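Q:
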Amino acid sequence: MSLAFPVPLKPVIQPPPMVEEILTPAEREALKARIKTLMKQQDAVLVAHYYTSADLQDLAEETGGCVSDSLEMARFGHAHPAQTLIVAGVKFMGETAKILNPEKRVIMPDLQADCSLDLACPADEFAAFCDAHPDRLSVVYANTSAAVKARADWVVTSGIAAKIVKYLHQQGHKLLWAPDRHLGEYVRRISGADMLLWQGSCVVHEAFKAEALAKLRAGHPDAAVLVHPESPESVIALADVVGSTTQLIEAVRTLPNPEFIVATDNGIFHKMRAAAPGKLLLEAPTAGEGATCTSCAHCPWMAMNGLRKLAAVLESPAGDANGGNEIHIEESIRAKAAVSIQRMLDFAAAEKAGKIQLGD
Ligand code: 13P
Ligand code: SF4
């Protein structure tokens, strides 16, 4: 198995300053009422990620939309009949919705909401990586641009990455992986696949500290440690459960532990509290000796989403200065990216139906 890293360590992506929306109860109610009316008029459904504000998550559920991980966001938006999809999350989530639904209008509260993984993987550099290794299939994380997805053979999300890589490994394929080195390393460890890894990382999950986590856990012997696989290997090594955001919420709901230490964006606590109201939820530490916390367990790009911006976007006519914050993707790129995303959705459906057997 080749373990060589063919790409240099990417410079750390500087996240934007954290700006969270603060609303009075009266402002919140007025905005929600306005947005609900506009959504009805525009045949719109709201698909929100767990890391967005509690206000957006509540609004999505109150209006028949969904709050979920990135895999389910893609599936839900694709299956829903609404003509306008509002994606509250980051840019790659909006692009994925548009790739799968070219006939629909896909809008976002803020088109500047990016992701350090997406930013660390420019399409031309990724293409050069693929060109240098024509004997390998390319598997990219959903946290990438439409152009990177268009060049990839497969797209995966954290909820299904290990299963797909294991399957491809069992079919005898050698792989290229981009962009998250921690998720790639985790998937390589549990699948045994031969993978070359791009060296991107998530600014939020990279900040979790293993030593401080071990100390916190020692003080909470009944707690289960839940870790998103974008975290460093030393943090994953302390986990009782490693999984996508949906899988971590499920763990809080189903495990008997009275306490949980959670290593992912703290926006997820809104759903975790609802799933298990009596349980104690603790944030995994991002500080500690030598720490350089740039995100403090909350994604600054996810925080760009809010009710005020959503209302403004729904009120701005398409074709105005900001184009109504609509996502547009060149058709040749969209069509190619749709193939690699659809492979993942088809695999997920077949796996759910018991049509794919993965050995140990
Ligand atoms: P999930 O697919 O697990 O929701 O992860 C998306 C993400 O961006 C995590 O940082
Ligand atoms: Fe990207 Fe990390 Fe934010 Fe998820 S939490 S959107 S991986 S920067």
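Here the sequence shown stands for residues 0 to 359, numbered as in numbering that gives the first Met the number 0. Think of the CB as a built atom: it goes at the ideal place given N, C-alpha and C, for glycine as much as any other residue. Quantities reported herein were computed from a predicted structural model and do not represent experimental measurements.
So, for residue 267: in the same chain, excluding its five sequence neighbours on each side, which residues have a beta-carbon less than 8 Å away from its beta-carbon?
A: Taking the first residue of the sequence shown as 1, we reach residue 267 at position 268. Same-chain partners within the cutoff: 49, 50, 244, 247, 248 and 261.
Q: May I have the straight-line CA-CA distance separating residue 163 from residue 225, to the nearest angstrom?
A: As a position in the sequence shown, residue 163 is number 164, starting the count at 1. As a position in the sequence shown, residue 225 is number 226, starting the count at 1. C-alpha separation (whole angstroms): 22 Å.
Q: With a floor of 3 residues, list each beta strand (DSSP E) that falls wholly inside the region 27 to 78, ordered by position along the chain.
A: Here the runs fully enclosed are 43 to 48 and 65 to 67.
Q: Ends of the beta strand (DSSP E) at residue 139?
A: Here residue 139 refers to the residue found at position 140 of the sequence shown. 136 to 140 is the span of the beta strand (DSSP E), which, as asked, contains residue 139.
Q: Under 8 Å: do the region 118 to 126 and the region 142 to 154 share three or more Cβ pairs, one atom per stretch?
A: Result yes; three or more Cβ-Cβ pairs closer than 8 Å.
Q: Distance check for residue 300 and residue 71, CA to CA, integer angstroms please.
A: Against the sequence shown, residue 71 aligns to sequence position 72. Against the sequence shown, residue 300 aligns to sequence position 301. Taking the straight line joining both Cα atoms gives about 20 Å.
Q: Is it true that the CB of residue 229 sits closer than 8 Å to the CB of residue 269?
A: Position 270 of the sequence shown, counted from the first residue, corresponds to residue 269. Position 230 of the sequence shown, counted from the first residue, corresponds to residue 229. Not a contact, by the Cβ cut-off of 8 Å.
Q: Is the beta carbon of residue 256 sitting closer than 8 Å to the one on residue 282?
A: The residue given as residue 256 occupies position 257 in the sequence shown. The residue given as residue 282 occupies position 283 in the sequence shown. No, they are not a contact pair.
Q: Grouping DSSP H, G and I as helix and E and B as strand, with all else coil, what is residue 113?
A: In the sequence shown, residue 113 corresponds to position 114, counting from 1. Here residue 113 sits in coil by DSSP.
Q: Going straight from the alpha carbon of residue 169 to that of residue 26, what length do you get?
A: For the purposes of this step, residue 169 is identified with residue 170 of the sequence shown, where counting begins at 1. For the purposes of this step, residue 26 is identified with residue 27 of the sequence shown, where counting begins at 1. If I take the Cα positions, the gap works out to 55 Å.
Q: Quick check on DSSP: helix, strand or coil for residue 225?
A: The residue given as residue 225 occupies position 226 in the sequence shown. Note: residue 225 maps to strand in three-state DSSP.
Q: Say the cut is 7 Å; is the CB of residue 251 nearer than that to a heavy atom of ligand 2?
A: Within the sequence shown, residue 251 is the residue found at index 252, counting from 1. The answer is no for residue 251.
Q: Given that a residue counts as buried once 16 or more other Cβ atoms are within 10 Å of its Cβ, and exposed if not, what is residue 97?
A: If you number the sequence shown from 1, residue 97 lands on position 98. Result: buried.
Q: Give the range of the alpha helix (DSSP H) segment to which residue 306 is assigned.
A: Locating residue 306 in the sequence shown gives position 307, counting from the first residue. Its alpha helix (DSSP H) spans residues 306 to 314.
Q: What does the Cβ neighbour count give for residue 175, buried or exposed, with the cut at 16 atoms within 10 Å?
A: The residue you call residue 175 lines up with position 176 of the sequence shown. Buried, since its Cβ has 16 or more Cβ neighbours within 10 Å.
Q: Can you tell which of 113, 18, 308 and 79 has the C-alpha that lies nearest to the C-alpha of residue 201?
A: For the purposes of this step, residue 201 is identified with residue 202 of the sequence shown, where counting begins at 1. For residue 201, the nearest C-alpha among the options comes from 113.
Q: Is it the case that the Cβ atoms of residue 252 and residue 237 are separated by a distance below 8 Å?
A: Taking the first residue of the sequence shown as 1, we reach residue 252 at position 253. Taking the first residue of the sequence shown as 1, we reach residue 237 at position 238. Result no, Cβ atoms of residue 252 and residue 237 do not sit closer than 8 Å.
Q: The alpha helix (DSSP H) that contains residue 91, what's its start and end?
A: For the purposes of this step, residue 91 is taken as the residue at position 92 of the sequence shown. Here the alpha helix (DSSP H) through residue 91 covers 90 to 99.
Q: Does ligand 1 have even one heavy atom less than 7 Å from the beta-carbon of residue 269?
A: To locate residue 269, count along the sequence shown from 1; it is residue 270. No, the beta carbon of residue 269 sits no closer than 7 Å to any heavy atom of ligand 1.
Q: Let's test the definition: count the other Cβ atoms within 10 Å of the Cβ of residue 4 and tell me whether it reaches 16, buried, or not, exposed.
A: In the sequence shown, counting from the first residue as 1, residue 4 sits at position 5. Its pLDDT being 46, under 50, residue 4 is placed unreliably by the model, and nothing is read from it.
Q: Suppose you measure from the CA of residue 140 to the CA of residue 177; what does that come to, to the nearest Å?
A: Here residue 140 refers to the residue found at position 141 of the sequence shown. Here residue 177 refers to the residue found at position 178 of the sequence shown. Taking the straight line joining both Cα atoms gives about 6 Å.
Q: Tell me which same chain residues have a C-beta within less than 6 Å of the C-beta of residue 258, skipping the five on either side of it?
A: Taking the first residue of the sequence shown as position 1, residue 258 is located at position 259. Excluding positions up to five away in sequence, the list reads 219, 221, 222 and 279.
Q: Are the Cβ atoms of residue 212 and residue 135 separated by less than 8 Å?
A: Position 213 of the sequence shown holds residue 212. Position 136 of the sequence shown holds residue 135. For residue 212 and residue 135, no; Cβs fall outside 8 Å.
Q: Please classify residue 18: is it buried, with 16 or more other beta-carbons within 10 angstroms of its beta-carbon, or exposed?
A: Position 19 of the sequence shown holds residue 18. Counting Cβ neighbours within 10 Å, residue 18 comes out exposed, since fewer than 16 surround it.
Q: Does at least one heavy atom of ligand 2 sit under 7 Å from the Cβ of residue 301?
A: The residue labelled residue 301 in the question sits at position 302 within the sequence shown. Because some heavy atom of ligand 2 lies under 7 Å away, the Cβ of residue 301 counts as near it: yes.
Q: Considering Cα atoms alone, identify which of 242, 207 and 171 is closest to residue 193.
A: Sequence index remark: in the sequence shown, residue 193 carries index 194 (1-based). When only C-alpha atoms are compared, the closest one is 171.
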